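These notes concern the structure reproduced below.
Residue numbers (our numbering), protein chains in the order written: chain A, 1 to 65; chain B, 1001 to 1252.
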């Protein structure tokens, strides 16, 4: 059985930006999210695939920094 | 001439139906979620395997190189990405709005032992999560038709391509031979949804497919849209008498 690759590769931070704002992203390993600090949105990573859709992002307003 | 198929009243086409513009994304997603696991099998059955030849012609024209990066939009099940890698192309990012299609593609990559240089991202063609001027080649194969605003997707392609980069689209188009056009219409309206329904259990999805093909702009209009986005040296190549067509343009 080949090993399932579902871990997030941080090299992706160099080739992805937030949709809309085109701001760089910050990886939150614990929450499995990519965070757009400029736009105040957190994009979920599900099964190793970043879900870069504004509709599915969580507002980071009120998150502790 | 309009560069988008949206109407002024905030509605758009979903096949032949007119739906609220903000509904199309979820309707299209529903279509592909429901058929994802059988999508490639269906393509084979419906086109008698010809979609493979079209993709192969598309890849020949693309001429993959190891020093180039590719962004493939809407290619969730991986056909273009795998073909690019197989022909020696550099790193690929596959961006698809549909995560079921991406899962199918990633599983196929594992089966083919193709793990390096392939990145799978869920994103919208109209609002790409990709930096400006960061890729050498942009491909979109059998996807643009399903995007709500075609012109916005093409503008995004222009934004993410580096100067010297190439845009290539493979999509259903207009049959250019009159007698064949009628035969093709009859086949696609009468046979396709039935076969699609039998194999995937979702005839409506294939009814949408057939209708969406008729709504998509023919060769010259599509070429004008690509030019309007800023691309130069725009070329059109018909495949199978125009059942499908390749549009290519360069960001200079």
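Every residue gets a Cβ at the ideal spot worked out from N, C-alpha and C, and that includes glycine. Because the structure is a prediction, the values reported are computed rather than measured.
What is the DSSP secondary structure of residue 59 of chain A, counted as helix, strand or coil? strand
Within 7 Å, strictly: CB atoms of residue 1136 of chain B and residue 1089 of chain B: no
Name the DSSP beta bridge partners of residue 1017 of chain B, please? B:1014
Going by DSSP, what residue range makes up the alpha helix (DSSP H) through residue 28 of chain A? No alpha helix (DSSP H) contains residue 28 of chain A, which is instead part of the beta strand (DSSP E) from 26-28.
I'd like to check one pair, residue 1184 of chain B with residue 1193 of chain B: are the Cβ atoms closer than 7 Å? no
Would you call residue 1191 of chain B buried or exposed, if buried means 16 or more other Cβ atoms sit within 10 Å of its Cβ? exposed
Ordered along the chain, which non-local residues of its own chain (more than five positions away) have a Cβ less than 6 Å from that of residue 1216 of chain B? 1145
With a threshold of 7 Å between beta-carbons, can residue 20 of chain A be considered close to chain B, or not? yes
I'd like to know if residue 2 of chain A contacts chain B, where contact means its C-beta is closer than 7 Å to some C-beta of that chain. Annotation note: pLDDT 43 at residue 2 of chain A (below 50); position unreliable, no value reported.
Residue 53 of chain A touches chain B at which residues, Cβ-Cβ below 8 Å? 1097, 1122, 1123 and 1124
Taking just the CA atoms, how far does residue 1221 of chain B sit from residue 1001 of chain B? At residue 1001 of chain B, the pLDDT of 37 sits below 50, so the modelled position is not reliable; the number obtained from the coordinates is stated separately. C-alpha separation (whole angstroms): 9 Å.
Hey, quick one: how far does the alpha helix (DSSP H) through residue 1121 of chain B stretch, first residue to last? Premise fails: residue 1121 of chain B lies in the beta strand (DSSP E), 1118-1123, not in any alpha helix (DSSP H).
Using the C-alpha atoms, what's the distance from residue 1093 of chain B back to residue 1043 of chain B? 23 Å
For the alpha helix (DSSP H) holding residue 1082 of chain B, just list the boundary residues, first then last. 1079-1086
With C-beta atoms as the reference, is residue 1091 of chain B less than 7 Å away from residue 1077 of chain B? no
Between residue 49 of chain A and chain B, is any beta-carbon pair separated by less than 7 Å? yes
Would you say residue 43 of chain A and residue 31 of chain A are within 7 Å of each other, going by their C-beta atoms? no
If contact is defined by three or more beta carbon pairs under 8 Å, each pair taking one atom from either stretch, is the stretch 1138-1154 of chain B in contact with the stretch 1167-1175 of chain B? yes
Jot down the residue ranges of each uninterrupted beta strand (DSSP E) in the stretch 1148-1196 of chain B, minimum 3 residues, whole runs only, in chain order. 1161-1172
Using the Cβ count rule (16 or more neighbours within 10 Å means buried), how would you classify residue 1016 of chain B? exposed
Specify the secondary structure class of residue 1228 of chain B as computed by DSSP and reduced to three states. helix
Out of curiosity, what's the CA-to-CA distance linking residue 1102 of chain B and residue 1122 of chain B? 8 Å
Just to confirm, does residue 1012 of chain B get its C-beta within under 6 Å of one of the non-hydrogen atoms of the ligand NAD? As for the ligand NAD, it is missing from this structure, which has no ligand bound.
Quick check: residue 1229 of chain B and residue 1130 of chain B, are their CB atoms within less than 7 Å of each other? no
Indicate whether residue 25 of chain A and residue 34 of chain A have their beta-carbon atoms separated by less than 7 Å. yes
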